[in-house]
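Data first, discussion second: the structure below is written as structure tokens.
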Amino acid sequence: MRAESQPLVSVTDVEKHFGDFHALKNINLTIREREVVVVIGPSGSGKSTLCRTINRLETITSGEITIDGKELPAEGAALAQLRSDVGMVFQAFNLFAHKTILENVTLGPIKVRGLSKAEADTQAMALLERVGVAPQADKYPAQLSGGQQQRVAIARALAMKPKVMLFDEPTSALDPEMINEVLDVMVGLAEEGMTMVVVTHEMGFARKAAHRVVFMADGEIVEVAEPEEFFNNPQTPRAQDFLSKLLTH
Ligand SMILES: Nc1ncnc2c1ncn2[C@@H]1O[C@H](COP(=O)(O)OP(=O)(O)OP(=O)(O)O)[C@@H](O)[C@H]1O
Ligand SMILES: [Mg+2]
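Residue numbering for the sequence shown follows full-length UniProt numbering, starting at 1 and increasing by one per position.
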């Protein structure tokens, strides 16, 4: 896969400061088409910040981020267009509480992609079917379980036909029995060839679906390896320490 596929997301020499705090340090990472990258690391290591800079929810202090060869514009319509190439699913489901499930999924395609309501409805129902929540289409988010809401959030992101999907700890707010139903949808996406960056501590997902694991600590990428290699044979003391704590929980 990696030999033929093109770089889709390129992060080059990126630095991010929040005031005096150095949150991302010399980040270099290329994600190729159809590649699934799991980002793992201790709390505060910069995983969410990295995702947010890729989506331009955060500015960067220096360096360059390109999506499909294009640098992220600072603002305006070009940013909206490029941002819609990047689907994002957060820990908290962030659905619009006063819109139905169907409306949550059709809103972006109608407003940003210019679909008619009928087109958007048809596409949304197919996506809701795919993530297993079509019967809930006319309900409101609060009437759904956390796992169902998170699957709707995935359908909503997919409705924009993104080139890459970013997931920031998509299962960490879920009750344990709902984690697998969300991970199963993500594994399916990976198998279909979606390019994905996934911040998660779910090692089962990483082993099953990831091509590479990126380990971050203190704002730096400390280690990059294939999942089996990373989990079985971490090279750095920081990764060894982190994994030993993860495994004992
Ligand atoms: N808007 C902000 N202003 C100031 N500091 C921030 C801001 N956002 C993040 N930080 C700091 O940057 C560091 C990295 O935060 P980030 O949320 O990226 O970590 P993380 O790896 O996602 O952690 P977690 O596993 O807890 O989600 C933290 O020390 C955090 O306090
Ligand atoms: Mg985070």
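From the three backbone atoms N, C-alpha and C, an ideal C-beta is built for every residue, glycine too.
Original post:
How many angstroms separate the CA atom of T61 from the CA atom of S116?
Top reply: 39 Å
**OP:** Spell out a yes or no on whether the stretch 52-71 and the stretch 169-189 are touching, meaning 3 or more CB-CB pairs, one atom from each, closer than 8 Å.
**Re:** By the Cβ rule, the stretch 52-71 does not count as touching the stretch 169-189, because fewer than three pairs are nearer than 8 Å.
Original post:
Among the residues of its own chain, which have a CB less than 8 Å from the CB of R2, if the five just before and after it don't count?
Top reply: Only weak support is given to the placement of R2: the predicted model assigns it a pLDDT of 48, under 50, and the question is left unresolved by the model.
Subject >> Runs of alpha helix (DSSP H) lying entirely within the stretch 92-158, each at least 4 residues, in chain order >> reply: 101-111, 117-130, 146-158, all fully within the stretch 92-158.
**OP:** Specify, as a first and last residue, the run of the alpha helix (DSSP H) that N55 falls within.
**Re:** Counting along the chain, N55 falls outside any alpha helix (DSSP H), and DSSP gives it neither H nor E.
Original post:
What residues are listed by DSSP as bridge partners for M160?
Top reply: Answer by DSSP bridge pairing: none, since M160 is not bridged.
Original post:
Nearest to L107 by CA position, among A173, D175, A153, is which residue?
Top reply: A153
Subject >> Below 7 Å from a heavy atom of ligand 2 - residues by beta-carbon >> reply: K47, S48, D168, E169, V199
Subject >> Alpha-carbon spacing of S43 relative to A118, whole angstroms >> reply: 43 Å
Subject >> S43 beta carbon near ligand 1 (any heavy atom closer than 7 Å) >> reply: Yes - ligand 1 has a heavy atom lying nearer than 7 Å to the Cβ of S43.
Original post:
Using 8 Å as the Cβ pair cut-off and three pairs as the minimum, do the stretch 131-146 and the stretch 89-101 touch?
Top reply: yes
Original post:
Between H201 and A159, what straight-line distance do the alpha-carbon atoms span, to the nearest angstrom?
Top reply: 26 Å
**OP:** Work out the CA separation of Q240 and N55 for me, nearest whole Å.
**Re:** 30 Å
Original post:
Are the beta-carbon atoms belonging to A23 and T59 less than 8 Å from one another?
Top reply: no
**OP:** Flag this pair as yes or no: are the beta carbons of D168 and Q91 separated by less than 8 Å?
**Re:** Yes, the pair counts as a contact, with Cβ atoms nearer than the cut-off.
Original post:
Given a threshold of 16 other Cβ atoms within 10 Å of its Cβ, counted over all protein chains shown, does L246 qualify as buried or as exposed?
Top reply: Exposed, because fewer than 16 other Cβ atoms sit within 10 Å of the Cβ of L246.
Subject >> Neighbourhood of P109 by C-beta distance below 6 Å, restricted to the same chain and skipping five residues each side >> reply: L115, A120, A159
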